[in-house]
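Take 2 as the starting number for the sequence shown in the working numbering and just add one per residue. Some notes on the structure that comes next.
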Amino acid sequence: MEWLETRELRYFTAVAEELHFGRAAERLGMAQPPLSRAVQRLERRLGVALLDRGRHGVALTPAGAVLLDEARATLDAAAAAARRTRRAVEPGGRLVLAVKANGAHDLLRALLDAYAREPDAAEVEVVLCGIGEDERMLRDGRADAALLHPLYSSLAGFDSEEVLTEEQVVVLPAGHPLAARTSLTLAEVADVPGLPAARWPLRDGGYPPGPGPEVRDLSQLAQLIALGRTSTVIPASARAWLWTAHSAVPLVDAPSVTTHIAWPPQSRSRPLAALVRTAVGLGRQA
């Protein structure tokens with residue numbers, strides 16, 4: 002069996018990202034010759050060329066591109082393991098729960114209240130996150146659990162349980178003509194003159210194309226809606242953050258949104274198991 006050390010993966014990742022041995026060595030705080038030798042040893046062990054070294058610089062081979070993806074995932078997993086291990090010995094066994102900032106407010110409040118009554122309960126630190134940050138916190142070990150929506154986050158690599166399924170609403174300026182409607186369709190809100198839908202960051206960076214404003218956080222979105230500059234589609238429970246200058250109208254044909262509680266599959270934490278059990282129980286009562 003081939004074993005790859007985290008040290009040599011870190012060396013290779015630096016070279017693969019910089020595509021320059023000198024810059025990679027400087028980034029790693031080491032001399033260039035031992036870095037070059039380390040990467041050459043790795044290539045010999047694997048029996049493949051990872052880098053093309055030419056007169057015009059360094060480039061990844063197809064095999065090198067594969068190893069770069071795998072190395073990043075492995076190094077992230079190792080860092081996550083270290084964070085979770087250190088947190089496991091903190092007094093009181095504190096849990097970190099990552100939650101999307103405009104997520105299910107009533108569910109979160111009910112979950113924290115119900116969990117506090119569990120015999121295995123620990124202190125819970127709630128971190129309110131922007132788009133995609135809840136998933137990233139769970140993957141890199143900064144969070145022990147997260148409330149995730151598959152429409153916005155990936156559950157791949159996590160254990161998870163469904164907690165709450167709900168409909169979606171469109172949030173409009175309170176004085177807009179459509180705000181007086183009792184329900185709307187996606188087609189009716191897809192191209193409202195003068196009120197383009199807000200655009201959230203994509204998971205891999207950047208923004209989707211469209212005329213609507215680019216938004217980064219909930220406060221910015223709320224202000225733009227109140228000013229009559231944009232609209233947005235959100236889960237119905239997110240009504241909790243609406244201002245009096247906003248109006249939420251149900252969407253009859255929007256897909257339902259399911260909130261999952263997700264956690265690392267290798268976790269053996271009793272306080273975390275109690276948190277998951279409490280969340281699932283609340284979902285069954287809903």
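We put the CB at the ideal spot given by N, CA and C, even for glycine.
Exercise. Can you tell which of R230, A198 and V171 has the C-alpha that lies nearest to the C-alpha of P251?
Worked result: In the sequence shown, the residue the question calls residue 251 occupies position 250. That would be V171, whose Cα lies nearest to the Cα of P251.
Problem set entry | Assigned exposure category for R54 - 16 Cβ within 10 Å defines buried | Counting from 1 along the sequence shown, the entry for residue 54 is found at position 53. Counting every other CB atom within 10 Å of its CB across the protein chains shown gives R54 a total below 16, marking it as exposed.
For this session: Grab me the residues of R95's own chain with a C-beta within less than 8 Å of its C-beta, minus the 5 sequence neighbours each way, in chain order.
Result: The residue you call residue 95 lines up with position 94 of the sequence shown. So the list reads R88, A123, E124, V125 and E126, once near-sequence residues are dropped.
Problem set entry | T7, buried or exposed, once every other Cβ within 10 Å from all chains shown has been counted against 16 | Counting from one through the sequence shown, the residue named residue 7 turns up at place 6. Counting the other CB atoms within 10 Å of its CB gives T7 a total below 16, which places it among the exposed residues.
For this session: Could you spell out where the alpha helix (DSSP H) holding L196 opens and where it closes?
Result: As a working mapping, residue 196 is identified with position 195 in the sequence shown. Per DSSP, L196 belongs to no alpha helix (DSSP H) and is neither H nor E.
Problem set entry | Distance between A66 and G48 (C-alpha atoms, nearest Å) | Translated into the one-based positions of the sequence shown, residue 48 becomes position 47. Translated into the one-based positions of the sequence shown, residue 66 becomes position 65. Using only the alpha carbons, I get a separation of about 15 Å.
For this session: Can you grab the Cα-Cα spacing for the pair E168 / S257, in whole Å?
Result: If you number the sequence shown from 1, residue 168 lands on position 167. If you number the sequence shown from 1, residue 257 lands on position 256. Rounded to whole angstroms, the gap between the alpha carbons of E168 and S257 is 5 Å.
For this session: Can you tell me which of the three DSSP states G55 falls into?
Result: What you label residue 55 is simply residue 54 of the sequence shown in a count that begins at 1. In this structure, G55 counts as strand in the three-state DSSP scheme.
For this session: Determine the closest residue to R11 out of R73, E27, S268 and V164, with distance taken between C-alpha atoms.
Result: On the sequence shown, position 10 is the one that residue 11 refers to. Among R73, E27, S268 and V164, the Cα nearest to that of R11 is on R73.
Problem set entry | Closest by C-alpha distance to R240, when choosing among A157, N103, L20 and L228 | Taking the first residue of the sequence shown as 1, we reach residue 240 at position 239. Of the candidates A157, N103, L20 and L228, the one whose C-alpha sits nearest the C-alpha of R240 is N103.
Problem set entry | Within 8 Å, strictly: CB atoms of A50 and T62 | Counted from its first residue, the sequence shown places residue 50 at position 49. Counted from its first residue, the sequence shown places residue 62 at position 61. Going by C-beta atoms, A50 is nearer than 8 Å to T62.
Exercise. Closer than 7 Å: is that where the CB of L47 sits relative to any heavy atom of the ligand FAD?
Worked result: In the structure shown, the ligand FAD is absent, as is every other ligand, since no ligand is present at all.
For this session: Determine the extent of the beta strand (DSSP E) in which A249 is found, giving its start and end residues.
Result: As a first step, residue 249 is located in the sequence shown; it is residue number 248 there, counting from the start. H247 to P251 is the extent of the beta strand (DSSP E) around A249.
Exercise. In angstroms, rounded to a whole number, what distance separates the CA positions of A83 and G213?
Worked result: Locating residue 83 in the sequence shown gives position 82, counting from the first residue. Locating residue 213 in the sequence shown gives position 212, counting from the first residue. Taking the straight line joining both Cα atoms gives about 41 Å.
For this session: Round the Cβ separation of Y116 and L273 to the nearest angstrom and send it over; I've been treating them as touching at under 8 Å.
Result: Taking the first residue of the sequence shown as 1, we reach residue 116 at position 115. Taking the first residue of the sequence shown as 1, we reach residue 273 at position 272. Y116 to L273, Cβ: 11 Å. No contact.
Problem set entry | 4-residue-minimum alpha helix (DSSP H) runs that sit fully inside the stretch 3–53, ordered along the chain | If only complete runs of 4 or more residues are kept, the stretch 3–53 shows the alpha helix (DSSP H) at 7–19, 22–29 and 33–47, in order along the chain.
Exercise. Where M2 and I235 are concerned, what is the direct C-alpha to C-alpha distance, given to the nearest angstrom?
Worked result: For the purposes of this step, residue 2 is identified with residue 1 of the sequence shown, where counting begins at 1. For the purposes of this step, residue 235 is identified with residue 234 of the sequence shown, where counting begins at 1. The predicted position of M2 is uncertain, since its pLDDT is 45 and thus under 50; no value can be drawn from it.
Problem set entry | D160 in three-state terms, based on DSSP | Within the sequence shown, the letter at position 159 stands for residue 160. Strand at D160.
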